[in-house]
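*Asks:*
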Amino acid sequence: MKVSLAALFVLLPVLAWASPTTSRTPSPGERCLSAIQTAERQMHIPSQLLRSIALVESGRPDPVTGRMAPWPWTINVSGTGYFFASIEEAVAAVRNFQTRGIKSIDVGCAQVNLLHHPTAFNTLERAFDPEANANYAARFLKSLYGGTGNWPRTAAAYHSRLAERGNDYARKVLALWPLAERYGPLPASASPAINTGADYSMYLPEFAARLRRMDEDRAGYTGAGTLLESAWARRLPSSPQVAAGLATTPAGTRRNNSAPGSPPANREVR
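Numbering (mature numbering (1 follows the signal peptide of the UniProt record, and there is no 0)), first residue to last: -18 to -1, 1 to 252.
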């Protein structure tokens, strides 16, 4: 049966109304990815570098899409990470840790450390917001690039400005980064990953004092670093599980510090 062009114009509004919608609210993982992509573009960071960092920091299978994605409701305390099903649960867990005197806590898509970046967010809820978290991480990453002039080294510095602590982490990031070969390999472990001198003027002013304080903390902490398995190298649960009893064991799906056949990364607080 042939339908005239005029009839089609009559039917189009009806078909549009009758067709089921395929749109949906973005999943938490998709919100991280979208926010990171925007932040990379705004800060002129190479495409997918911050995305790869965030996957190492908080990556897990998105329960909605089944794909690996950074997870915004993630925290890390003393080398152990926890996934949560909602921002409310993640915020409650952080506050519980803080009431117990624990201040060094990584939060959100890009795992910004609340101790070393105390003015990054005006509220704890804001720290978990994917857009706010990604924007701050991108600004920090761009500032680190001011001291390295090299993006692979900058990835190492995001973890630690000392080569022996940052390079292993950066190799995990580079393994995920599609453009890694374009920007060259990391230096040998014996070589400095970044200029670690006392000149902080090369960094953005908002980060200079924080970097100085971070270096002072590291200098006073023998054997700085805690063990944390990179997310992309591990088998992660397919969906977050929320446990009770925060006073004894933090809630959420726990990220183990070790896994068979996959050595943990050396990760210090930022």
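Cβ coordinates follow ideal geometry from the N, Cα and C atoms, glycine included.
My understanding is that Phe110 touches Val73, with C-beta atoms under 8 Å, so please give their C-beta distance in whole angstroms.
*Replies:* Working through the sequence shown from its first residue, we reach residue 110 at position 128. Working through the sequence shown from its first residue, we reach residue 73 at position 91. About 7 Å separates the two Cβ atoms, so the contact holds.
*Asks:* Please state whether DSSP places Ala215 in a helix, a strand or coil.
*Replies:* Indexing the sequence shown from 1 puts residue 215 at position 233. Low confidence applies here, because Ala215 scores a pLDDT of 29, under 50, leaving its location unreliable; read the following figure in that light. It is helical.
*Asks:* Going by DSSP, what residue range makes up the alpha helix (DSSP H) through Tyr165?
*Replies:* As a working note, residue 165 is residue 183 in the sequence shown. First-last for Tyr165: undefined, no H or E at that position.
*Asks:* Comparing C-alpha positions only, which one of Arg6, Leu161 and Pro43 sits nearest to Ala67?
*Replies:* Numbered from its first residue, the sequence shown carries residue 67 at position 85. When each option's Cα is compared against that of Ala67, the closest is Pro43.
*Asks:* Taking the continuous beta strand (DSSP E) assigned at Asp88, which residues delimit it?
*Replies:* Your numbering for residue 88 matches position 106 in the sequence shown. From DSSP, the beta strand (DSSP E) with Asp88 extends over Ile87 to Val89.
*Asks:* Please report the straight-line C-alpha distance between Ala114 and Leu31, rounded to a whole angstrom.
*Replies:* Working through the sequence shown from its first residue, we reach residue 114 at position 132. Working through the sequence shown from its first residue, we reach residue 31 at position 49. Whole-angstrom Cα-Cα distance: 18 Å.
*Asks:* CB of Phe110 to nearest heavy atom of the ligand GDP: below 6 Å?
*Replies:* With respect to small molecules bound, the structure shown includes none, and the ligand GDP cannot be examined in it.
*Asks:* Looking at Ile87 and Val76, is the spacing between their C-beta atoms short of 7 Å?
*Replies:* On the sequence shown, position 94 is the one that residue 76 refers to. On the sequence shown, position 105 is the one that residue 87 refers to. For Val76 and Ile87, yes; Cβs fall inside 7 Å.
*Asks:* Chain E beta carbons: is any one of them nearer than 7 Å to that of Asn95?
*Replies:* The structure shown contains no chain E, having only a single protein chain.
*Asks:* With distances taken between CB atoms, is the gap from Ala51 to Ala92 smaller than 7 Å?
*Replies:* Reading the sequence shown from its first residue, position 69 is the one you call residue 51. Reading the sequence shown from its first residue, position 110 is the one you call residue 92. Contact: no.
*Asks:* Which first and last residues belong to the beta strand (DSSP E) in which Asn58 is found?
*Replies:* Here residue 58 refers to the residue found at position 76 when the sequence shown is read from its first residue. Start and end: Thr56 to Val59.
*Asks:* Ignore the nearest five residues each way along the sequence and tell me which others in Lys117's own chain have a CB closer than 6 Å to its CB.
*Replies:* Position 135 of the sequence shown, counting from 1, holds the residue named residue 117. The question names Lys, but residue 117 is Asn in the sequence shown. If we look at Asn117 and ignore the five residues flanking it on each side, its Cβ neighbours are Ala21.
*Asks:* How long is the line joining the alpha carbons of Val(-9) and Pro8, rounded to whole angstroms?
*Replies:* The residue you call residue -9 lines up with position 10 of the sequence shown. The residue you call residue 8 lines up with position 26 of the sequence shown. Because the pLDDT of Val(-9) is 43, which lies under 50, any placement of that residue in the model is unreliable, and the question is left without a value.
*Asks:* CA-CA distance, Ile18 and Arg82?
*Replies:* Locating residue 18 in the sequence shown gives position 36, where the first residue counts as 1. Locating residue 82 in the sequence shown gives position 100, where the first residue counts as 1. Each residue's Cα considered, the two are about 32 Å apart.
*Asks:* Specify, as a first and last residue, the run of the beta strand (DSSP E) that Gly63 falls within.
*Replies:* In the sequence shown, counting from the first residue as 1, residue 63 sits at position 81. Residues Thr62 to Phe65.
*Asks:* Look at Ile35 and Tyr140 and say whether their C-beta atoms are less than 7 Å apart.
*Replies:* Numbered from 1 along the sequence shown, position 53 holds the residue referred to as residue 35. Numbered from 1 along the sequence shown, position 158 holds the residue referred to as residue 140. Result yes, Cβ atoms of Ile35 and Tyr140 sit closer than 7 Å.
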